[in-house]
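Protein chains in written order, with this note's numbering: chain A, 34 to 485; chain B, 34 to 485. What follows is one structure encoded as structure tokens, with my remarks underneath.
Number of protein chains: 2
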Amino acid sequence: MTKQRLALLTLPFLIAAAAPHDTEKLRDAALKDETAWDITEGLTTEIGPRLAGSAAEAKAREWAVRKLKSLGFKNVRIETFDIPGWERGEEKGEIVGPYPQKLALTALGNSGATPAEGLQAELVAFETVADLQAAPADQVRGKIVYIGHTMKAAQDGSSYGYFGIVRRAAPNAAARKGAAAIVIRGLGTDNHRVPHTGVTNFDAGVAPIAAAALSNPDADQIERILKHGEKVTLRLLVTPRRVGTVQSGNVIAEVPGTDPKAGIVAIGGHLDSWDLGTGAIDDAAGVAITAAAAKRIMDAGRPRRTIRVIWFGSEEIGGNGGAAYFSAHKSEPHALVGESDFGAGPVWRFETKLNTVAAPLSAKIEAALRPLGISKGSGTAGAGADLGPWARSGTSAVDLDQNGLKYFDIHHTADDTLDKIMPNELAQNVAAWTAMLSVVANTPEPLVELRN
Amino acid sequence: MTKQRLALLTLPFLIAAAAPHDTEKLRDAALKDETAWDITEGLTTEIGPRLAGSAAEAKAREWAVRKLKSLGFKNVRIETFDIPGWERGEEKGEIVGPYPQKLALTALGNSGATPAEGLQAELVAFETVADLQAAPADQVRGKIVYIGHTMKAAQDGSSYGYFGIVRRAAPNAAARKGAAAIVIRGLGTDNHRVPHTGVTNFDAGVAPIAAAALSNPDADQIERILKHGEKVTLRLLVTPRRVGTVQSGNVIAEVPGTDPKAGIVAIGGHLDSWDLGTGAIDDAAGVAITAAAAKRIMDAGRPRRTIRVIWFGSEEIGGNGGAAYFSAHKSEPHALVGESDFGAGPVWRFETKLNTVAAPLSAKIEAALRPLGISKGSGTAGAGADLGPWARSGTSAVDLDQNGLKYFDIHHTADDTLDKIMPNELAQNVAAWTAMLSVVANTPEPLVELRN
Chain A
34 MTKQRLALLT LPFLIAAAAP HDTEKLRDAA LKDETAWDIT EGLTTEIGPR LAGSAAEAKA
94 REWAVRKLKS LGFKNVRIET FDIPGWERGE EKGEIVGPYP QKLALTALGN SGATPAEGLQ
154 AELVAFETVA DLQAAPADQV RGKIVYIGHT MKAAQDGSSY GYFGIVRRAA PNAAARKGAA
214 AIVIRGLGTD NHRVPHTGVT NFDAGVAPIA AAALSNPDAD QIERILKHGE KVTLRLLVTP
274 RRVGTVQSGN VIAEVPGTDP KAGIVAIGGH LDSWDLGTGA IDDAAGVAIT AAAAKRIMDA
334 GRPRRTIRVI WFGSEEIGGN GGAAYFSAHK SEPHALVGES DFGAGPVWRF ETKLNTVAAP
394 LSAKIEAALR PLGISKGSGT AGAGADLGPW ARSGTSAVDL DQNGLKYFDI HHTADDTLDK
454 IMPNELAQNV AAWTAMLSVV ANTPEPLVEL RN
Chain B
34 MTKQRLALLT LPFLIAAAAP HDTEKLRDAA LKDETAWDIT EGLTTEIGPR LAGSAAEAKA
94 REWAVRKLKS LGFKNVRIET FDIPGWERGE EKGEIVGPYP QKLALTALGN SGATPAEGLQ
154 AELVAFETVA DLQAAPADQV RGKIVYIGHT MKAAQDGSSY GYFGIVRRAA PNAAARKGAA
214 AIVIRGLGTD NHRVPHTGVT NFDAGVAPIA AAALSNPDAD QIERILKHGE KVTLRLLVTP
274 RRVGTVQSGN VIAEVPGTDP KAGIVAIGGH LDSWDLGTGA IDDAAGVAIT AAAAKRIMDA
334 GRPRRTIRVI WFGSEEIGGN GGAAYFSAHK SEPHALVGES DFGAGPVWRF ETKLNTVAAP
394 LSAKIEAALR PLGISKGSGT AGAGADLGPW ARSGTSAVDL DQNGLKYFDI HHTADDTLDK
454 IMPNELAQNV AAWTAMLSVV ANTPEPLVEL RN
């Protein structure tokens, strides 16, 4: 407490010298931000689900252009790109025997389809993807593979990275061995009958099989029956389809800076969502937080560096929007990148990945964030799925890490709806981003490293 | 704390004088009960959903007979009765305009059906059932009625009684005014896309209309759009059907007492469940708790009074099992009745409704329950939906009130699954019931009031 009081007393002096913006004042005012809520409510209510490549995603882009223009951003435009389209169909499942029950399940993105009349087969369960990969094909052929996991909630979301292999790799491994289909315990930390979708991929030349995620209570049920030593037979009807090449796009808006040579500060989130919920925490919150913070800087006076807000398309199916942006803009000097794509929980920590000239930023950002209770972690910033290509290629990056303890309770589910967001927590995010942007957009030292 | 310690010291002495059973010892041993969990797990896993009158409910009765016999109960039998059958069909809904989105909804029990191709109509919203009842018919005719409510979680579940009118009365009122269909905010206190079903009824001569409950996030969405002043159009496909007269039944088991004239202590829960979940908290827990407690008394030696455990059929659609039992057994003297049908949260309070001769029981029950932190409330016992007819006609009753703060989060939903039950809380219930039964089944004074 004493340290924070000290910081509160000394910050205005420290920061006022470096920036035309009063970072402390902007940050604290942002704790009452309503713009981010307005964007989040609007996008989830007036657009709702907006699957990559869908008509709804296109409507979201038009909505975004209107909204960003009305907020006063400059150079608002859409940059389109093509993606392989995929659409959900029917999805039903049941335990046929030994104890008949309906299952709550949903197809994974890029799942293949069952026959139109469904399929029925015995379940073969593996504890891990490695066990499935090691199994002889005749143990798997014609059966429905099941794989569970023990993912637990973690503040930093690290469990998703670790257990994600079940969703990412198991369907392909099952298809390679001739499985009829695969059901996994979905990557969620809740216990509701609301299954978690998410993308999977099949290798070129491997015919996709039906791949679905079960809710945790359904997975529990199957595991209980298996523990009794009984054979389990499932019936599945999962009929998604690939719809060829479709269009997606990024929506870009700017706060023009006074010094075009100082490099762009690129921030954002993703506009697309999975089709089951309204994409409130994933990622209406992220586009809203970053735009609201940029608007606060804009409204306080022109910053030194241009702030570019990017609402990426088609993040969920493989970061296509981020790749398209990197490809189209890699010749432009970017001073720093940062993405908000981990919900709307309060920021509790930040990480950096700073190149040599930008190294002094870390202490300045720390001083600006400390009064919000945000401290520096011991890791490295990755800049999210969409701006990650920049971080990986040497552009400085900052992550403002949100508390993710509840994130995977509703991630990629029909439950990703506006009611899951606490307005005060959303505003705390805006305050953190505003403080960070105020520092980064104005700091006098160069941030763009000259490269050969 | 001091009072509790005193109670712990004095209880064995007080109770040992009155009963062949050591109430304190039985109660405390029951805190490690595993029988109730075994019953709950078995019923939810091996039977699962068991809608009144369904084949699954019949299977549950056979399962129950096997289980109760294996536990050592005597006179285990099924008493069947007829009910009007109803089955869920397809159920889909979407906001067609102004902002298209799919809706999470489920038909209410006894709902009528939409046409097979669904129906589309404008929404007309009312704040209360009274507002709907007061509205001119031409404001409602051909439209889809919407009614919300502001039900909040309450430890004693009282909000359900108050706000329940929305589910119980609004569909009939809407049908009377010629509405095409009705959707209500389901009677739930959660914010998941998991709608809450439950029974509704239409007056004789009123043709049932499609009546469905929306999940809270879906109701929020509709209310947000309405607040914008926009017209909302819905499309519904809800195809349940009445299936004529079908069979349900009660499963009855006994712990025979030494004194047939001392009256029966009748306890139980209900065996049927809604069809969406596996009926874990509603009411596998209740049948399990009461049977496990009765078994503990039985295993400790024959009580004075016969304890009759009744697993009622067809509670959910109108207490048919309770009515059938009352009708068939009303000539038998019942000393006391009590039902467990409010989940598996810990017992925190008890209520009594004691006739004159049974009045001394209250203090004895209080002494037996106080070490579990359970105190006497200021209300009156109702004995639940199934044993309520006895309480209302003058038989003594005890309610062991469970903490219901979370009960209406999952009540009547697909989320009513085993994982929602904490084994230690289930065992606390068994301990409370065991203590109460030990007192009631053995107390030397008469409990059955002589009537003319």
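Using N, Cα and C, we set each Cβ at its ideal position, and we do this for glycine too.
Below 7 Å CB to CB, which residues in the same chain sit around residue i once its five sequence neighbours on both sides are set aside?
i	result
Ile465/A	The question names Ile, but residue 465/A in the sequence shown is Ala. Contacts found: Val380, Leu402, Leu405, Ile407, Leu433.
Thr323/B	Ile300, Gly301, Gly302, Val342, Ser373, Trp466
Pro117/B	Arg275, Thr278
Gly231/B	Leu141, Gly142, Arg200, Leu220, His445
Arg209/B	Val239
Gly296/B	Arg338, Pro366, His367, Ala368, Leu480, Val481
Quick one: what does DSSP say residue i is sitting in, helix, strand or coil?
i	result
Pro148/B	coil
Phe536/B	Outside the shown range of chain B, which is 34 to 485, sits residue 536/B, and nothing can be said about it.
Thr35/B	At Thr35/B, the pLDDT of 44 sits below 50, so the modelled position is not reliable; the number obtained from the coordinates is stated separately. Note: Thr35/B maps to helix in three-state DSSP.
Arg83/A	coil
Glu160/A	coil
Gly417/B	helix
Ala213/B	coil
Gln461/A	helix
Leu101/B	helix
His362/A	helix
Ile454/B	coil
Thr385/A	strand
Ala243/A	strand
Val472/A	helix
Lys260/A	helix
Could you name the residues of the same chain whose beta carbon sits closer than 6 Å to that of residue i, not counting the 5 residues immediately before and after it, in chain order?
i	result
Pro204/A	Ile215, Thr233, Ala244
Ala69/B	Ala321, Ile322, Ala325, Leu459, Val463
Tyr130/B	The question names Tyr, but residue 130/B is Gly in the sequence shown. Hits under 6 Å: Thr266.
Leu104/A	Lys328
Leu101/A	Val109, Ala286
Ala202/A	Val162
Could you tell me the boundaries of the alpha helix (DSSP H) in which residue i lies?
i	result
Glu57/B	56-63
Tyr440/A	440-443
Asp71/B	68-75
Val4/A	This structure cannot speak to residue 4/A, because chain A is shown only from 34 to 485.
Gly319/A	318-332
For residue i, I'd like the list of residues in its chain whose CB is within less than 8 Å of its CB, leaving aside the five on either flank, ordered along the chain.
i	result
Val361/A	According to the sequence shown, residue 361/A is Ala rather than Val. Glu112, listed in sequence order.
Pro250/A	Ala137, Asn224, His225, Arg226
Lys264/B	Gly130, Pro131, Glu155, Leu156
Gly122/A	Ala140, Ala146, Val271, Thr272, Pro273, Arg274
Asp236/B	Asn205, Arg209
Looking at the secondary structure, which residues open and close the beta strand (DSSP E) in which residue i lies?
i	result
Glu120/A	107-120
Thr139/B	138-140
Tyr195/A	No beta strand (DSSP E) contains Tyr195/A, which is instead part of the alpha helix (DSSP H) from 191-196.
Arg280/A	The question names Arg, but residue 280/A in the sequence shown is Gln. Here the beta strand (DSSP E) through Gln280/A covers 274-288.
Asp434/B	430-435
Lys125/A	124-130
Thr266/B	266-271
Kindly give me the distance between the Cβ atoms of residue i and residue j, rounded to whole angstroms, as I take these residues to be in contact under 8 Å.
i	j	result
Lys176/B	Ala212/B	6 Å
Thr311/B	Gly86/B	With 8 Å as the limit, Thr311/B and Gly86/B do not qualify as a contact, their Cβ atoms being about 18 Å apart.
Gly410/B	Arg382/B	5 Å
Looking at residue i: is its Cβ nearer than 8 Å to the Cβ of residue j?
i	j	result
Thr413/B	Lys386/B	yes
Ser281/A	Gly354/A	yes
Val473/B	Trp423/B	no
Pro228/B	Thr147/B	no
Val239/B	Ile198/B	no
Thr77/A	Ala447/A	no
Ser144/A	Val288/A	no
Gly421/B	Arg268/B	no
Asp308/B	Ser347/B	no
Phe345/A	Tyr358/A	yes
Gly437/A	His54/A	no
Ala207/B	Leu165/B	yes
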